[in-house]
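Structure first, commentary second.
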Amino acid sequence: MLIYRHRNLVLGIVRLTAVAASLLMLTVLIVTNSRAAFSDTTDNTTNTFTSGSVVITDDDTGSALFTASAMTPGTPVVDCITVTYSGTLTPADIRMYGTSSGTLAGYLNTTIEVGTGGSFGNCTGFTPSSTIYSGTLTNFSTTHTNWATGLATFTAAANPTSRTLRFTVDVQNNPAAQGQSATADFTWEAQD
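For the record, in the sequence shown the residue sitting at position 94 is 95 according to our numbering, with numbers rising by one throughout.
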């Protein structure tokens, strides 16, 4: 009789467990099916990305600004060049720096003005707005060697923005300058 009761108790527990499991399964199916009956999505598609540009040019068409020979004191060489910023990123700061070599560079008084009017090889109509450098060519190239130390030339607030630079170079009245030579490179760099 004890075995019979134990068996009935076990069967009762099994039946109760089976009923509970069935109810649990039924609840899961109902909840799962209920959730599946309602759904919605939204999309944000075709996102595109483009980068801006920093573009700077000058109007020298690959020619040197100066090819001056037989220079004498008091007879400066003068020439202009126009630098244009046409990048899409504004405002952009334009700075100038350069290099020079040769012993004559220390005897070349150099003045650089920025303004409007004129163009490469022709300063007709040039109107200066400021003088950005006055000193020897050697001092220019040793002081202004890269972007960080470059001369602030202009800020481009729109696309395009152009400025003309007028260079005046005169040899000093110093006997040590006789028979000497020099070369120079000028660079304009834009950063936004």
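Where a beta carbon is used, it is the ideal one built from N, C-alpha and C, also for glycine. Only a predicted model underlies this, so the values are computations on that prediction, with no experimental measurement involved.
**OP:** Evaluate serine 101 with the Cβ neighbour count: other Cβ atoms within 10 Å of its Cβ, from every protein chain shown; 16 or more gives buried, anything less gives exposed.
**Re:** By the 10 Å Cβ count, serine 101 comes out buried.
Original post:
Okay, do the stretch 63–75 and the stretch 154–163 touch, 3+ Cβ pairs below 8 Å being the bar?
Top reply: By the Cβ test, the stretch 63–75 is not in contact with the stretch 154–163, since fewer than three Cβ pairs between them sit closer than 8 Å.
Original post:
Exposed or buried, what is arginine 149 when buried is set at 16 or more other beta-carbons lying within 10 Å of its beta-carbon?
Top reply: Before going further, note that residue 149 is alanine rather than arginine in the sequence given. Per the 10 Å Cβ criterion, exposed.
Original post:
Given a threshold of 16 other Cβ atoms within 10 Å of its Cβ, counted over all protein chains shown, does leucine 3 qualify as buried or as exposed?
Top reply: Note that leucine 3 scores 49 on pLDDT, short of 50, meaning its location in the model is unreliable; the coordinates nonetheless yield the value given after this. With fewer than 16 other Cβ atoms within 10 Å, it is exposed.
Subject >> Alpha-carbon spacing of serine 87 relative to valine 56, whole angstroms >> reply: Going from the Cα of serine 87 to the Cα of valine 56 covers about 5 Å.
**OP:** Look at glycine 116 and leucine 152 and say whether their C-beta atoms are less than 9 Å apart.
**Re:** No, the Cβ-Cβ distance between glycine 116 and leucine 152 is not below 9 Å.
Original post:
Grouping DSSP H, G and I as helix and E and B as strand, with all else coil, what is alanine 71?
Top reply: Looking at alanine 71 - three-state DSSP - the assignment turns out to be coil, as it is neither helix nor strand.
Original post:
Curious, which full-length alpha helix (DSSP H) runs of at least 4 residues does the stretch 72–156 contain?
Top reply: Counting whole runs of 4 or more residues, the stretch 72–156 contains the alpha helix (DSSP H) stretches 138–144.
**OP:** Report yes or no: do three or more beta-carbon pairs, one from the stretch 78–98 and one from the stretch 55–69, lie closer than 8 Å?
**Re:** Three or more beta-carbon pairs separated by less than 8 Å link the stretch 78–98 to the stretch 55–69, which places the two stretches in contact.
Original post:
DSSP three-state call for alanine 38: helix, strand or coil?
Top reply: In the three-state reduction of the DSSP assignment, alanine 38 falls in the helix class.
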